[in-house]
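Working notes for the structure below.
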Amino acid sequence: MRQVVFGWYPVVWEELLIWRRRFWLYFTVYMLSPLIFLLSFGYGAGQRFKLLMPRGLSYLEFLVPGVVALAIFNNGITSVTVRLFYNRLHFKSFEAYRLAPMAEAVLWLGYTLAGALRGLLSGSIVLALALLCVPGFRVSFTGLPWLVACAFAAGAFGVFLGLSLRSFDDQTLISEFIVVPMTFLCGTLIPLERLPGVLQHLVWLLPLTPATAVLRASLTGNSVPWLAVGLLAGWTLLFAALGWWRLKRNEE
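Count along the sequence shown starting at 1, add 835, and that's the number in the working numbering.
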């Protein structure tokens, strides 16, 4: 039991040491992309999107939670995927954890929490930017626990992907077939209702779609759609099972 509670700490501690050396670099990188989305879509194309918004929302009110969800998932997934890839195939440091008396579930939890921390940092930066740059925008504190839930799901997804990579080309495939579609099709930048009919249903097969729906409702103080919560929980459990399976398979 003690190993389960504290065994993940070395993995997260390694992440914190990296943060200490490069915090301001990460801060700048995590701020740049969301700022571009807020400026180009929110203040640029957003004026043309006013008539497309559901329930009378302004486009900026719609956009900010979507960019928060996007930042959490993109950075949470990418950071742990790249870290696992290099530790496994380039630096070979991942084997040190495998040789340690650490259960697969504990190792999985450590890397998942490391990815979740990156996601939370990037999401918090976006919220801070929104509070500073978007007039009248307010954040409901009831949405903060859902930030953690979405970050954990992103970290679990990243662990599975990082354990599945076999070459540099695989990183490109993940970007093109997972990250890019999630960026533009999961209700982050435009309402799902404005997508073509069949696509409105297919995008729910991507984990960012329920995460965006949950964050958009909770951060704006509205009731959380429990169907989206169930989907997000289901994705998280699936990623946990797949990540544990990949760990067991790599050991063999």
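A virtual CB, placed ideally from N, CA and C, is assigned to each residue, including glycine. Owing to the predicted nature of the structure, the values given are computational and were not obtained by experimental measurement.
{"Query": "Segment contact flag, the stretch 950 to 969 with the stretch 910 to 918, C-beta cutoff 8 Å, min 3 pairs", "Result": "yes"}
{"Query": "Cβ pair count under 8 Å reaching 3, the stretch 865 to 877 against the stretch 895 to 904", "Result": "yes"}
{"Query": "Residue burial classification, P1042 (beta-carbon count within 10 angstroms, cutoff 16)", "Result": "buried"}
{"Query": "DSSP-derived helix/strand/coil call for S999", "Result": "helix"}
{"Query": "Where G1022 sits in the DSSP three-state scheme", "Result": "coil"}
{"Query": "Inter-stretch contact at 8 Å, needing at least 3 Cβ pairs: the stretch 1049 to 1058 / the stretch 1029 to 1038", "Result": "no"}
{"Query": "Per-residue burial, L998 [other beta carbons within 10 Å of its own, 16 or more giving buried]", "Result": "buried"}
{"Query": "Opening and closing residue of the alpha helix (DSSP H) in which P900 lies", "Result": "894 to 924"}
{"Query": "Proximity of V1015 and G1078 at Cβ, strictly below 7 Å", "Result": "no"}
{"Query": "7 Å Cβ cutoff, S1010 in contact with chain D", "Result": "Protein chain content of the structure displayed is limited to a single chain, and chain D is not contained in it."}
{"Query": "Where V961 falls: helix, strand or coil (DSSP)", "Result": "helix"}
{"Query": "Span of the alpha helix (DSSP H) around F862", "Result": "844 to 872"}
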